[in-house]
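Chains as they are written, first to last, in the working numbering: chain A, 13 to 759; chain B, 33 to 243.
Using N, Cα and C, we set each Cβ at its ideal position, and we do this for glycine too.
Keep in mind the model is a prediction, meaning the values are calculated, not measured.
1. Report the rounded CA-to-CA distance for residue 61 (chain A) versus residue 193 (chain A), giving the unit in angstroms.
2. Can you check DSSP and say which residues form a bridge with residue 150 (chain A)?
3. Any chance the CB of residue 364 (chain A) is under 6 Å from a heavy atom of the ligand NAP?
4. In chain E, which residues lie with their C-beta within 8 Å of the C-beta of residue 228 (chain A)?
5. Between residue 613 (chain A) and residue 520 (chain A), what straight-line distance do the alpha-carbon atoms span, to the nearest angstrom?
6. Determine the contact status of residue 424 (chain A) and residue 496 (chain A), defining contact as a CB-CB distance below 7 Å.
7. Kindly indicate which residue of A:663, A:617, A:652, A:636 has the alpha-carbon position closest to the one of residue 645 (chain A).
8. Which complete beta strand (DSSP E) runs does the region 452-508 of chain A hold, if anything under 3 residues is left out?
9. Near residue 636 (chain A), which residues of its chain fall below 7 Å by C-beta distance, leaving aside the five closest residues on each side in sequence?
10. Whose Cβ in chain A lies nearer than 9 Å to the Cβ of residue 215 (chain B)?
11. What three-state label does DSSP hand residue 13 (chain A) in the structure shown?
12. Which first and last residues belong to the alpha helix (DSSP H) in which residue 523 (chain A) is found?
13. Taking C-beta pairs closer than 7 Å, name the residues in chain B that residue 187 (chain A) reaches, listed in chain order.
14. How close, in whole Å, do the beta carbons of residue 610 (chain A) and residue 640 (chain A) come, if the pair is a contact with beta carbons under 8 Å?
15. Between the region 150-169 of chain A and the region 73-92 of chain A, can you find at least three pairs of beta-carbon atoms closer than 8 Å?
16. In whole angstroms, give me the CA-to-CA distance for residue 183 (chain B) and residue 123 (chain A).
17. Got a sec? Which residues, its chain only, sit under 6 Å from residue 213 (chain A) by beta carbon, not counting five neighbours each side?
18. Would you check if the distance between the CB atom of residue 544 (chain A) and the CB atom of residue 307 (chain A) is smaller than 7 Å?
19. Who does residue 215 (chain A) pair with in a DSSP beta bridge?
20. How many angstroms separate the CA atom of residue 239 (chain A) from the CA atom of residue 518 (chain A)?
21. Please check if any C-beta of chain A sits within less than 7 Å of the C-beta of residue 234 (chain B).
22. Flag this pair as yes or no: are the beta carbons of residue 99 (chain A) and residue 131 (chain A) separated by less than 7 Å?
23. Given this structure, state the Cα-to-Cα distance separating residue 491 (chain A) from residue 58 (chain A), to the nearest angstrom.
24. So what's residue 33 (chain B) in DSSP terms, helix, strand or just coil?
25. Going by DSSP, what residue range makes up the alpha helix (DSSP H) through residue 205 (chain B)?
26. Kindly indicate which three-state DSSP category residue 571 (chain A) falls into: helix, strand or coil?
27. Between the region 364-381 of chain A and the region 256-265 of chain A, can you find at least three pairs of beta-carbon atoms closer than 8 Å?
28. When the Cα of residue 459 (chain A) is compared with those of A:429, A:438, A:437, A:439, which residue comes out closest?
29. If residue 391 (chain A) and residue 172 (chain A) are in contact, beta carbons under 8 Å, what's the gap, nearest whole angstrom?
30. Note down, in chain order, all residues in the region 207-233 of chain A with a beta-carbon under 9 Å from any beta-carbon belonging to chain B.
31. Identify which residue in A:311, A:88, A:318, A:505 has its Cα closest to the Cα of residue 22 (chain A).
32. Identify the continuous beta strand (DSSP E) that holds residue 414 (chain A) and give its terminal residues.
33. Which chain A residues are close to residue 22 (chain B), counting only those with a beta carbon under 8 Å from its beta carbon?
34. List the DSSP bridge partners of residue 332 (chain A).
35. What are the residues of the region 140-159 of chain B that lie near chain A, defined by any Cβ-Cβ distance shorter than 7 Å?
36. In three-state DSSP terms, what is residue 367 (chain A)?
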């Protein structure tokens, strides 16, 4: 299968493996071929024809971007004829391109500018009748057709990587433009990836438009602080107004290899503006002295988590963080079977998979990074993707190949059935085999409401797959039977070629779960909250008794879904106190928070590398050089699979704690550009069951929580489960995400 | 006449040519030993150059056709390239501000004294909302005028800076050419570095049009 092809580029002998094109081989060997429309993460657009090369034995030129080399061929990348061709292409691109570089948002990092200068286009011989092409305003995205060069990068990215498939080319020769697909206005998840890939200023961010230029902005490489995907991004800062302090203007990403969702791209201004308040600081020290516990969220860096752990030892307080505690206990159960501390998969593994099972997550909104990896797998490898969830997700419709809709709360049964199908021929040990033999399949099929034929269909579609991944979502983490589900998942990994990715909920849930020894949250008084509720509130959200820095104002590291320790940097200065200052008051003395980076828990796989030694860049060919991957840690595998419990029944009006697109948490809720639609969204069927109508104000109550929301009918939803956003409230991460709830209309 | 001068300047910049007007100044070598230094000190101290200066002043005092300019009643004309307080120019065609808010002046400013803020205005154009030059920091290097792609910011000839606040000279509205001047057609183009070179019209290549 792996065949090597030897050929020559410009007289240099190079080797290609199968699947590589002339362009990729040239790039690997640092031979320059100019391109305009090529983008590494998609299939070649082949629209620009800049990448033409000469091949021996061929008349005319070949496109290097989509032509695989043949044995012994001699490629020339630069000749007078090629240069003439390329200059002509550039001239055609420049026809009627408005000379508004002085004001254009793209000016300064515009491919058209660069290439026009590179090819020294000094004379225009072509012309075309100019036409009126008004600017289209598509919410967060503006499209200026007169600047568009029809490279089609945006369409390819939207379709192949993001999966929205929201834009298309309206063909018409010189009149071609990009239009929203099947609708008048753009209806998509507003990831803004089209803005990122646009080589000219045709697609721009409406919130950024004309506010600053590329050369005025300072770029700070960092890591997105919204979800656990840990996407690399660059914050761009500049002063605001003539006497103002620095402000975040926009976020950019290395679109050649990575993607960013809209929350990362447009939700960057969650910084906490505060000044040093000594009185509040002293109060915080007092509060901590008398505190019984510290409750904190996972939206903190590893270093902060480490300091909290040191404070725990020093002050003898308890540490509450239900999100990370639940995650840790899930991973603990997983380890007890798999013998490894960390899950084996990664986003890259998902991208390369040809078979994926995803369970327990509305992944498109829970973790867009995973969604984009799934889209990439589906579009590029033709991956079979089985989506197991009680609710269909319209966003995943184009990507998944099989929807297995199961009853709410029956995940344990579903995963048992999954393991049963996948491991039917595995060489299990006696106890394990006994577990499967004793499964009451009829009962489980009935309770989960999944048919046997669905699993056989899945097995059939997986038959030829070689790289498989099981993605476990957040629903499972707080499931009553999460421990057994973890063990079953580990069993699948152990006896099959599946790798497993467990999706942590918050940006650093994984890191906190590895660093902190957490206690079960009790409803006690004298709790100091650190970015979480408490009697004394230390918060980076702007409300609280003592202000601390938000994640875009801090140095530190996160652990992402890839088990990768990623550095984050200071985009905006913070004048107030930090957790390190608090620790200093308790004689836990280090100059800087990042001095703790090399002291992070090595038993959990941290490498003891100092923060300043961590790299944060992608190599020219896309290798990820950000931070480091946690060392694999072996642990005892003495867990036993338990018998299945009776499946719980969820009847009546059920709500699912799930954020809308572009929202994740209180920080994204703070940003100016992101939409903040906090409606309870449900299907018509749900409206009938709950006896409410579109636009009604309703009170939702479950457990001890009561929330008031407006109900919105959503035609894309089906069934009797409604979606309740959580970004504007604090959600109890210890509870299963589906809640039996009482919904009352407020008159 | 004027253009010819400029052209000569642009064309003949080779100062090393033998027949150019440049020459090396004849300066004696510095003394290296103690005795040399001692004699140089003595020579300088006893030269009586002080009296040369005093004599010049005395001579001018008693002369009648003196060249002293009676400032501020009289003023010297200043060169077209003189770099005094900045001006913001307007377009000849429309009287609109030339500045497009590209921010290059802010970027290039080596003393970090320019700050600009822009936005998308109601007519979908880039509007300069705030513009300031901190004259306390400005070293009048002229880079801002040089980099400006629109010849919008230039240096003017206004060198009489006396006020109790430096900011008084740099109100954006004051820097802008007044409408009266535009109406009278007397806006003066800056001829310093960054200005349009002679024969610019002949060098422009026209874009073909299909219609």
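Quick look at the numbers:
1. Along the first chain, one-based indexing puts residue 61 (chain A) at 49. Along the first chain, one-based indexing puts residue 193 (chain A) at 181. Residue 61 (chain A) and residue 193 (chain A) have their alpha carbons spaced roughly 25 Å apart.
2. Along the first chain, one-based indexing puts residue 150 (chain A) at 138. Answer by DSSP bridge pairing, in chain order: A:153.
3. The ligand content of the structure shown is nil, which means the ligand NAP is not present either.
4. As a matter of chain content, chain E is missing from the structure shown, whose protein chains are A and B.
5. Within the first chain, numbered from 1, the residue matching residue 613 (chain A) stands at position 601. Within the first chain, numbered from 1, the residue matching residue 520 (chain A) stands at position 508. Going from the Cα of residue 613 (chain A) to the Cα of residue 520 (chain A) covers about 15 Å.
6. Residue 424 (chain A) sits at position 412 when you count from the first residue of the first chain. Residue 496 (chain A) sits at position 484 when you count from the first residue of the first chain. For residue 424 (chain A) and residue 496 (chain A), yes; Cβs fall inside 7 Å.
7. Here residue 645 (chain A) is taken as the residue at index 633 of the first chain, counted from 1. That would be A:617, whose Cα lies nearest to the Cα of residue 645 (chain A).
8. Segments of the beta strand (DSSP E) lying fully in the region 452-508 of chain A: 480-484.
9. The count along the first chain starts at 1 and reaches residue 636 (chain A) at position 624. Within the same chain, residue 636 (chain A) has close Cβ partners 630.
10. Counting from 1 along the second chain, the entry for residue 215 (chain B) is found at position 183. Ordered by position in chain A, no residue passes the 9 Å Cβ test against residue 215 (chain B), which lies about 27 Å from the chain.
11. Within the first chain, numbered from 1, the residue matching residue 13 (chain A) stands at position 1. Legend: pLDDT at residue 13 (chain A) = 47, less than 50; position of this residue unreliable, value from coordinates given subsequently. If DSSP states are grouped into helix, strand and coil, residue 13 (chain A) belongs with coil.
12. Position 511 of the first chain, counting from 1, holds the residue named residue 523 (chain A). First-last of the alpha helix (DSSP H) with residue 523 (chain A): 521-527.
13. As a working note, residue 187 (chain A) is residue 175 in the first chain. Result: empty, since nearest Cβ-Cβ is about 14 Å, beyond 7 Å.
14. Looking up residue 610 (chain A) in the first chain gives position 598. Looking up residue 640 (chain A) in the first chain gives position 628. For residue 610 (chain A) against residue 640 (chain A), the beta-carbon gap comes to about 12 Å, at or over 8 Å, which does not count as contact.
15. Verdict: no, contact absent.
16. Taking the second chain and counting its residues from 1, the one referred to as residue 183 (chain B) is at position 151. Taking the first chain and counting its residues from 1, the one referred to as residue 123 (chain A) is at position 111. If you draw a straight line from the Cα of residue 183 (chain B) to the Cα of residue 123 (chain A), it comes to about 26 Å.
17. Locating residue 213 (chain A) in the first chain gives position 201, where the first residue counts as 1. When the five nearest sequence neighbours on each side are left out, the beta carbons in the same chain lying within less than 6 Å of the beta carbon of residue 213 (chain A) are those of 116, 117, 118, 159, in order along the chain.
18. Here the question's residue 544 (chain A) lines up with position 532 in the first chain. Here the question's residue 307 (chain A) lines up with position 295 in the first chain. Yes. Within cutoff.
19. Sequence index remark: in the first chain, residue 215 (chain A) carries index 203 (1-based). Answer is A:155.
20. The residue labelled residue 239 (chain A) in the question sits at position 227 within the first chain. The residue labelled residue 518 (chain A) in the question sits at position 506 within the first chain. Near 5 Å, if we compare the C-alpha coordinates of residue 518 (chain A) and residue 239 (chain A).
21. As a working mapping, residue 234 (chain B) is identified with position 202 in the second chain. No, residue 234 (chain B) lies away from the interface with chain A (no Cβ there is under 7 Å from its Cβ).
22. In the first chain, counting from the first residue as 1, residue 99 (chain A) sits at position 87. In the first chain, counting from the first residue as 1, residue 131 (chain A) sits at position 119. Yes, Cβ-Cβ distance for residue 99 (chain A) and residue 131 (chain A) is below 7 Å.
23. Numbered from its first residue, the first chain carries residue 491 (chain A) at position 479. Numbered from its first residue, the first chain carries residue 58 (chain A) at position 46. Roughly 48 Å between the two C-alpha positions.
24. The residue labelled residue 33 (chain B) in the question sits at position 1 within the second chain. Below a pLDDT of 50, predicted positions are generally treated as unreliable, and residue 33 (chain B), at 42, falls in that range; the measurement from the model is reported next regardless. For residue 33 (chain B), the secondary structure class from DSSP, reduced to helix, strand or coil, is coil.
25. Position 173 of the second chain, counted from the start, is the residue given in the question as residue 205 (chain B). It spans 204-207 - the alpha helix (DSSP H) in which residue 205 (chain B) sits, taken as one unbroken run.
26. Mapped onto the first chain, residue 571 (chain A) falls at position 559. Correct three-state label for residue 571 (chain A): strand.
27. No contact exists between the region 256-265 of chain A and the region 364-381 of chain A.
28. Taking the first residue of the first chain as position 1, residue 459 (chain A) is located at position 447. If we check each option's Cα against that of residue 459 (chain A), A:429 comes out closest.
29. Counting from one through the first chain, the residue named residue 391 (chain A) turns up at place 379. Counting from one through the first chain, the residue named residue 172 (chain A) turns up at place 160. Their Cβ separation, rounded to whole angstroms, is 4 Å, which keeps residue 391 (chain A) and residue 172 (chain A) in contact under 8 Å.
30. Among the residues of the region 207-233 of chain A, those with a Cβ less than 9 Å away from any Cβ of chain B are 218, 221, 222, 223, 224, 225, 227, 228, in the order of the chain.
31. Position 10 of the first chain, counted from the first residue, corresponds to residue 22 (chain A). Looking at the Cα atoms, A:88 is the closest of the given residues.
32. Counting from one through the first chain, the residue named residue 414 (chain A) turns up at place 402. Element bounds for residue 414 (chain A): 414-417.
33. Because residue 22 (chain B) is not part of the residues shown, which for chain B are 33 to 243, the question remains open.
34. By 1-based counting over the first chain, the position of residue 332 (chain A) is 320. According to DSSP, which records beta bridges pairwise, residue 332 (chain A) is partnered with A:307, A:531.
35. Going along the region 140-159 of chain B in chain order, one finds 147, 149, 150, 151, 152, 156, 158 with a Cβ nearer than 7 Å to chain A.
36. Walking along the first chain from the start, residue 367 (chain A) turns up at place 355. Here residue 367 (chain A) sits in strand by DSSP.
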